[in-house]
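Below you'll find the structure, written out as structure tokens, and then a few comments.
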């Protein structure tokens, strides 16, 4: 019988969450009474996650496991799942149970009314203050920098029809953030607000450093604003130095005031040098991403599969 529902779950060191997640997902899909598959993507876990997933796959033919050769990141893991699933209605969600499986029937009911994408919107986050501040700042910034509507407080938790997934998979950029790409492709979309619970167990694999990297990747991958800011900065510095130069000429030839010391020239040099370094850094960020794209390396490497 053809699979109707697919659930894609990236996994990185989630050994304590997997049994509970599996139990709750199976209970939900049994109540839906349609063929389903649960596709776990082990993103280079170093705990017992791989062994637990292999055991689940042996015990249930609906469970499929993709093991990546190393840690490629959440976005790559989700992409691997999307490229290897077979369902008509596809869900992506985290393994930490902050995306409640019990919310799936509500999302699926919206799909049944004709929507192509239904995504979860976190009304509240039960995260430490620093992480909450970083997430809120990130979404606030992206909403204002993006050239298309980008919902706030969204992640990978979403339900999509097969044609939308196939469209997403045609987008070949390496520096990807799936919520933004999902918004970019359009179609009929709607968000469902929910209370985001704390992690069921363990600590988030997304460190502050990884959050900053995700923010930079999204900023430079989905907005030209840094380049525009570099241009504006260059113009401001040029005008500033121009007016300083006019003042120097005025003091020397009109006011006949002797100009002594090096403070003026040194200040101009520091301002120009600082602006140049900032602009070069912005250009370097874009060039680095272009370099990643032109190498055409695979987005991920699969070491083994179970249940396929």
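Residue numbers (our numbering): 129 to 436.
Note that the Cβ used here is the ideal one computed from N, Cα and C, for glycine as well.
Going along the chain, which residues of its own chain have a beta-carbon closer than 7 Å to the beta-carbon of residue i, five neighbours each way excluded?
{"i": "residue 246", "result": "235, 238, 239, 286, 287, 318 and 320"}
{"i": "residue 315", "result": "244, 245 and 292"}
{"i": "residue 204", "result": "427 and 428"}
{"i": "residue 182", "result": "193 and 434"}
{"i": "residue 261", "result": "none"}
{"i": "residue 232", "result": "156 and 219"}
So what does DSSP say about residue i, is it helix, strand or coil?
{"i": "residue 137", "result": "strand"}
{"i": "residue 429", "result": "coil"}
{"i": "residue 371", "result": "helix"}
{"i": "residue 322", "result": "strand"}
{"i": "residue 165", "result": "strand"}
{"i": "residue 283", "result": "strand"}
{"i": "residue 289", "result": "strand"}
{"i": "residue 298", "result": "coil"}
{"i": "residue 359", "result": "helix"}
{"i": "residue 366", "result": "helix"}
{"i": "residue 170", "result": "strand"}
Could you say which of the options lies nearest to residue i if we only look at CA atoms?
{"i": "residue 420", "options": "251, 301 and 248", "result": "301"}
{"i": "residue 289", "options": "241, 223, 224 and 154", "result": "241"}
{"i": "residue 307", "options": "299, 278 and 323", "result": "278"}
{"i": "residue 324", "options": "303, 424 and 228", "result": "228"}
{"i": "residue 397", "options": "373, 416 and 414", "result": "373"}
{"i": "residue 146", "options": "161, 406, 159 and 177", "result": "177"}
{"i": "residue 223", "options": "425, 233, 418 and 142", "result": "142"}
{"i": "residue 102", "options": "414, 371, 361 and 431", "result": "Any property of residue 102 remains undetermined from this structure, which presents the chain solely from 129 to 436."}
{"i": "residue 156", "options": "412, 406, 432 and 230", "result": "230"}
{"i": "residue 175", "options": "313, 144 and 213", "result": "144"}
{"i": "residue 284", "options": "432, 413 and 226", "result": "226"}
{"i": "residue 431", "options": "139, 371, 195 and 264", "result": "195"}
{"i": "residue 154", "options": "184, 402 and 371", "result": "184"}
{"i": "residue 139", "options": "180, 158 and 159", "result": "180"}
Just to confirm my understanding: we take residue i, look at its own chain, exclude 5 residues before and 5 after, and list those with CB closer than 6 Å. What are they?
{"i": "residue 199", "result": "171 and 172"}
{"i": "residue 311", "result": "278"}
{"i": "residue 304", "result": "203"}
{"i": "residue 214", "result": "131"}
{"i": "residue 197", "result": "429 and 431"}
Among the residues of its own chain, which have a CB less than 8 Å from the CB of residue i, if the five just before and after it don't count?
{"i": "residue 410", "result": "354, 355, 357 and 358"}
{"i": "residue 201", "result": "171"}
{"i": "residue 423", "result": "none"}
{"i": "residue 249", "result": "279, 280, 281, 282, 319, 320, 321 and 322"}
{"i": "residue 399", "result": "365, 368 and 369"}
{"i": "residue 363", "result": "none"}
{"i": "residue 406", "result": "358 and 361"}
{"i": "residue 161", "result": "none"}
{"i": "residue 297", "result": "207, 210 and 211"}
{"i": "residue 251", "result": "281, 321, 322, 323 and 324"}
Please tell me whether residue i has its Cβ less than 7 Å away from any Cβ of chain B.
{"i": "residue 359", "result": "No chain B appears in this structure, which consists of one protein chain only."}
Does the Cβ of residue i lie closer than 6 Å to at least one heavy atom of the ligand MN?
{"i": "residue 371", "result": "As for the ligand MN, it is missing from this structure, which has no ligand bound."}
### Task
Count the CB pairs spanning the stretch 160-167 and the stretch 205-223 that are closer than 8 Å, and state whether there are at least three.
yes
### Query
In chain order, which beta strand (DSSP E) runs of at least 3 residues are fully inside the stretch 175-249?
191-196 and 217-220
### Query
How do the stretch 135-148 and the stretch 214-221 stand: do at least 3 beta-carbon pairs fall below 8 Å, yes or no?
yes
### Message
Measuring CB atoms only, is the stretch 139-153 touching the stretch 183-202, in the sense that at least three cross pairs come out at less than 8 Å?
### Response
yes
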